[in-house]
RNA sequence: GGCCCCUUCGUCUAGCGGUUCAGGACAUCAGGUUCUCAUCCUGAAGAUCGCGGGUUCGAAUCCCGCAGGGGUCACCA
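Rendered as structure tokens:
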């Protein structure tokens, strides 16, 4: 059957329900749809599926929108920005669904459901007891009442076998036994997802539906509905779930699936998160692991998406993030780091911060590591001699001996020009002069300057701290 | 229970009948980079390709069973 229509401009939508925040599982279908749209220089659409009034959570639509923007998944049509097929909120499109429903009623393909919810529930329980799948159509009434909007409106299905192509899953087949009379419009007047998404996709000229695995079982029912409405189904792609820590069940909020905005707040770069999520279940067939956004748009293809679920691995996310941080220019990194500096840095100049940043760029796994890594560049560190006790080499020396080494360093540096070459020469000269191993001399100097468990190279650190500051800190510890 | 999908190192994966006693990446461990941490580089360990049958000169790759896992059978999406 057909493969991807990459040459044609896609209209791909992300259609979440505003029922909470977006986690990595949810963002993945958004990302894939976005990639398909951008790849074909087509259109990415956000549509809010808010037809279940009980599940809507106030504020979650705004949160969803913020999440998409934070990740750089900009949409071209959506509830807040409009577009040629507005509105993009299903609760504002009720008349559209009524029109589509009327077509089905007129063709004898929809009818009012005369049963009460309790009666249907009784049928369902009986089926379960008999270990049979529940099919409403086995109870389809012979002479249903006229639909007046107070009862659910059901689709009168025509059971048959289907084969169809899914961009991710390949060719799929089912028999007629899975086709049933779904509810099109609920008794509260709102359409079900099953009906609304088909109407909207048609109205909005959607070309690609990308959705989670849970919809695969109902796809034949949708195909039946498309036929009854005289519609050609869009290209469908079913992506597997991202798995929770146990590796078996899909990742859920219960497993602690984080809000994607929290990753950004924790210093994960949007490009890194996008790279990571894309490569959870997708690769381009080469050994490349790190992709820029541009490369993803070029290389992504639904047909190379994995059919099995993948476990979310935060370790790997951190590695991907580190790779992206390191590939950033200093300018770019400075921009992104702005809100992550420690409070001690308030007085520091931009230029000084840039110098510090250059030293720690290779050491950042996330931007939120910044305070831990840089504090001592902005405020005098507090001496902590227990760190010396814990050091295998230094604990062999007396405090006096250590202070002598610092004094010698001080004296040498007073007459040293603070540039990389002269500092390196001075340190080498001190090694010769004191007869100490680097493991002793450099360690004690590093402690005196930073009192931190780790820091960049000695000469670089002194250079950024500056001569005055370096001498002062050495002096303080003698 | 019916229907559908999935199953390669701990994890993410490459692999589409032979050049693979299965390649890469994360994580782990060891070594190198004048001190630490990190980066970077090198190396090690780690998968009887879920199991059992077939087809074939030859199978992780094709076919059939089985098992395990997942999804679904809502007036939720």
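Numbering (my numbering), first residue to last: 246 to 723.
For glycine and all other residues, C-beta sits at the position ideal for the given N, C-alpha and C.
Looking at the structure shown, is residue i part of a helix, part of a strand, or coil, going by DSSP?
| i | result |
| --- | --- |
| residue 531 | coil |
| residue 302 | coil |
| residue 353 | coil |
| residue 251 | Note on residue 251: pLDDT 49, under 50, position unreliable in the model; the coordinate value appears next. Coil, per DSSP. |
| residue 334 | strand |
| residue 327 | strand |
| residue 322 | strand |
| residue 510 | helix |
| residue 317 | coil |
| residue 542 | helix |
| residue 705 | helix |
| residue 284 | helix |
| residue 388 | coil |
| residue 262 | coil |
| residue 732 | Nothing about residue 732 can be reported from this structure: the residues present for the chain run from 246 to 723 only. |
| residue 586 | coil |
| residue 566 | helix |
| residue 637 | coil |
| residue 699 | coil |
| residue 596 | helix |
| residue 461 | coil |
Tell me which residues share the same chain as residue i and place their Cβ nearer than 8 Å to its Cβ, disregarding the 5 neighbours each side in the sequence.
| i | result |
| --- | --- |
| residue 632 | 692, 696 and 698 |
| residue 395 | 432 |
| residue 352 | 473 |
| residue 648 | 722 and 723 |
| residue 373 | 379 |
| residue 332 | 324 and 338 |
| residue 541 | 280, 519, 520 and 523 |
| residue 663 | 707, 708, 711, 712 and 715 |
Give every residue of the same chain whose Cβ lies closer than 7 Å to the Cβ of residue i, excluding the five residues on either side of it in the sequence, and list them in chain order.
| i | result |
| --- | --- |
| residue 285 | 251, 253, 254 and 255 |
| residue 701 | 604 and 605 |
| residue 628 | 696 and 722 |
| residue 684 | 638 |
| residue 669 | 704 |
| residue 404 | 421 and 424 |
| residue 734 | Lying before the first or after the last residue shown, residue 734 is absent from the chain, which here runs from 246 to 723. |
| residue 316 | 272, 505, 515, 518 and 519 |
Under 7 Å: does the beta carbon of residue i sit that close to some heavy atom of the ligand NAD?
| i | result |
| --- | --- |
| residue 396 | In the structure on display, the ligand NAD does not appear, and there are no ligands present to speak of. |
In the DSSP assignment, find the unbroken beta strand (DSSP E) run with residue i in it and report its ends.
| i | result |
| --- | --- |
| residue 554 | Counting along the chain, residue 554 falls outside any beta strand (DSSP E), and DSSP gives it neither H nor E. |
| residue 288 | 288 to 291 |
Tell me, which residues are paired with residue i by DSSP?
| i | result |
| --- | --- |
| residue 714 | Per DSSP, none; premise fails for residue 714. |
| residue 409 | 417 |
| residue 454 | 481 |
| residue 257 | 289 and 453 |
| residue 428 | 399 |
| residue 442 | Residue 442 pairs with nothing; no bridge assigned. |
| residue 220 | Absent from the model: residue 220. The displayed extent of the chain is 246 to 723, so no value can be given. |
| residue 488 | 495 and 556 |
| residue 268 | 504 |
Please work out which residues of its chain come closer than 6 Å, Cβ to Cβ, to residue i, disregarding the five sequence neighbours upstream and downstream, and give them in chain order.
| i | result |
| --- | --- |
| residue 554 | 485, 486 and 488 |
| residue 214 | As shown, the chain starts at 246 and ends at 723. That puts residue 214 outside it, with no answer to give. |
| residue 246 | Annotation note: pLDDT 34 at residue 246 (below 50); position unreliable, no value reported. |
| residue 258 | 290, 292 and 451 |
| residue 248 | Any reading at residue 248 must be qualified, since the residue scores a pLDDT of 42, below 50, and its modelled position is unreliable; the value itself is stated next. Result list for residue 248: empty, nothing under 6 Å. |
| residue 358 | 396, 397 and 399 |
| residue 428 | 397, 399 and 437 |
| residue 570 | 609 |
Where do the N-terminal and C-terminal ends of the alpha helix (DSSP H) with residue i fall, by residue?
| i | result |
| --- | --- |
| residue 471 | 464 to 474 |
| residue 384 | Run containing residue 384: none; DSSP gives neither H nor E here. |
| residue 608 | Segment: none, residue 608 is in no alpha helix (DSSP H) and carries neither H nor E. |
| residue 576 | 575 to 582 |
| residue 515 | 515 to 524 |
| residue 655 | 644 to 659 |
| residue 685 | 683 to 695 |
| residue 374 | 362 to 374 |
| residue 634 | 631 to 634 |
| residue 380 | It is not in any alpha helix (DSSP H) - residue 380 carries neither H nor E in the DSSP assignment. |
| residue 669 | 665 to 679 |
| residue 619 | 615 to 623 |
Below 8 Å, how does it come out for the region 487 to 496 and the region 358 to 375: are there three or more Cβ pairs, yes or no? No, they do not touch.
Worksheet entry | Segment contact flag, the region 282 to 299 with the region 316 to 331, C-beta cutoff 8 Å, min 3 pairs | The region 282 to 299, when compared against the region 316 to 331, does touch it at the 8 Å Cβ threshold.
With three or more beta-carbon pairs closer than 8 Å as the criterion, would you say the region 408 to 418 touches the region 467 to 486? Segments in contact, yes.
_Assess contact between the region 432 to 446 and the region 496 to 515, defined as three or more Cβ pairs (one per stretch) separated by less than 8 Å. Is contact present?_
A contact is defined here as three or more CB-CB pairs under 8 Å, and the region 432 to 446 fails this definition with respect to the region 496 to 515.
### Message
Under 8 Å: do the region 421 to 428 and the region 460 to 469 share three or more Cβ pairs, one atom per stretch?
### Response
With a cut-off of 8 Å, the region 460 to 469 and the region 421 to 428 count as touching, because enough Cβ pairs lie within range.
query: Counting pairs of Cβ atoms below 8 Å between the region 528 to 548 and the region 573 to 581, do you hit three or more?
result: In this structure the region 528 to 548 does not lie against the region 573 to 581, because fewer than three pairs of beta carbons, one per stretch, are closer than 8 Å.
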